[in-house]
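Each position in the sequence shown, counted from 1, maps to that position plus 8 in the working numbering. Ideal Cβ positions, reconstructed from N, Cα and C, are used throughout, including at glycine.
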Amino acid sequence: MKTIVKTVLHIACLCIGILVLSCETDVTNDIDLVESTPKLVIDGGLERNTTSPLTTQQFRLTTTNDFLSKDPNPIVSNAVVSVTDGTTTWTFEHTGDGLYSNDELVPELGNRYTVNIQWNGETYEGSDMLNETPQFERFFTDFQEETIFSPEGYILKFDTTDPVGIENFYYTRLFRNGEFVIIPDPGNSQVLITSDDFFNGQKRIGIEINGEIALAIGDVVTGQQLAISEGYFNYLYELFTQTGNTSISFGGNPPPATIRSNVINLTTPSNRSVGYFYTVDVTEDTLTVIDEQ
């Protein structure tokens, strides 16, 4: 009996100690961080979309900000930017707010596109391959009851067939009433991106396009499936894992770490850029959610 009592007391003391140690104090103003040289950030790439063809190809250039800053990243407006497929070179002009645009480039399947950025006395370069994505064979919503993993509402789904004998990587995006929607969650690395390792050449039935987003009757929703390269797949996996936040220290909230970009600084390799220059093929469809119960 004495042993049991001692054990209980030890556990109680341990719990109290954990509670005391876990108390949080805002020491933001006491932290003196050394400012680092801003790094180039590239956000975006080229997209081929035969359903809703883009009239302009564009991506954004900014620089990193101070760690504790709440201001948006400073824009880069003075870079010299071009993209080539090895035969033709297109110049991208700054059109405001860090956006670099070109309305002549029409991405073609099977081509590798390379971006060249000259900025701040240094040259950056990165490339990605444009692979084809299969079309939707059925595009629909399905009502689901609330579970511990998902809310009650309509979930956007599709059927498609993965090409035989080709290694494919996919990324799905959801737009609700014209706005891209995504929830910070490490699970995104499992449900929003996938490889065909386990379904090569097979028909895929009822694939959810972000099952964490419950839709309501009347919502106008667009779902996209993107064919992405293996490099972009690996980048998104790391990005979703690090930016997911479940309020659990070991569940998607790890210490921040630099995710390696495919845009390399040719002048000073140690001065790495941030972000990814991608080329993707997009299949999409749009519907209005109606009562199907």
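In terms of CA proximity to A235, E175 leads the group E133, F151, E175. When the Cα atoms are used, F157 and F100 turn out to be separated by approximately 44 Å. The beta carbon of I191 is closer than 6 Å to those of E220 in its chain, skipping five residues each way along the sequence.
Comparing C-alpha distances from L69 to each of Y108, V288, I217, S60 shows the shortest one belongs to Y108.
Counting only runs of 3+ residues, the beta strand (DSSP E) found wholly inside the region 61-148 occupies 65-71, 88-92, 97-104, 107-110, 120-127, 130-137, in chain order.
With contacts defined by Cβ atoms closer than 9 Å, F248 and F177 do not form a contacting pair.
Beta-bridge analysis with DSSP links S203 to F177. Assignment of beta strand (DSSP E) within the region 216-249, counting only whole runs of 3 or more residues, yields 228-236 in chain order. For N270, the secondary structure class from DSSP, reduced to helix, strand or coil, is coil.
In the assembly as shown, Q198 is an exposed residue. Its beta-carbon has fewer than 16 other beta-carbons within 10 Å. The region 207-221 and the region 274-286 do not touch, with fewer than 3 CB-CB distances between them shorter than 8 Å.
A222 has its alpha-carbon roughly 41 Å from the corresponding atom of A87.
Listed in chain order, the non-local C-beta contacts of D150 below 6 Å within the same chain comprise I163, K165, local neighbours out to five positions each way being set aside.
Residue pairing by DSSP places G53 opposite Y286 in a beta bridge. At least 9 Å separates the beta-carbon of V84 from that of L54.
Between E133 and V123, the beta carbon gap of about 7 Å places them in contact (Cβ cut-off 8 Å). If you draw a straight line from the Cα of K78 to the Cα of S44, it is about 16 Å long. Around the beta carbon of I201, 16 or more other beta carbons lie within 10 angstroms, which makes this residue buried.
Taking a 10 Å sphere around the C-beta of L274, we find fewer than 16 other C-beta atoms and assign the residue as exposed.
DSSP lists G161 as the beta-bridge partner residues of Q152. When the five nearest sequence neighbours on each side are left out, the beta carbons in the same chain lying within less than 6 Å of the beta carbon of P159 are those of A222, in order along the chain.
For G52, the closest of R184, P194, N270, N119 by C-alpha to C-alpha distance is N270.
If you compare the alpha carbons of V290, D293, N279, V297 with that of T72, the shortest gap goes to N279. Under the 10 Å beta carbon count, D105 is surrounded by fewer than 16 other beta carbons and is classified as exposed. Non-local beta-carbon contacts of P171 in its own chain, meaning distances under 8 Å to residues more than five positions away in sequence, involve E140, P142, G209 in chain order.
In this structure, the straight-line span from the alpha carbon of T96 to that of D167 is close to 37 Å.
The Cβ neighbour count for I213, taken over all protein chains shown within 10 Å, is under 16; the residue is labelled exposed. Between the alpha carbons of Q233 and S60 lies a distance of about 13 Å.
DSSP links E187 through a beta bridge to R184.
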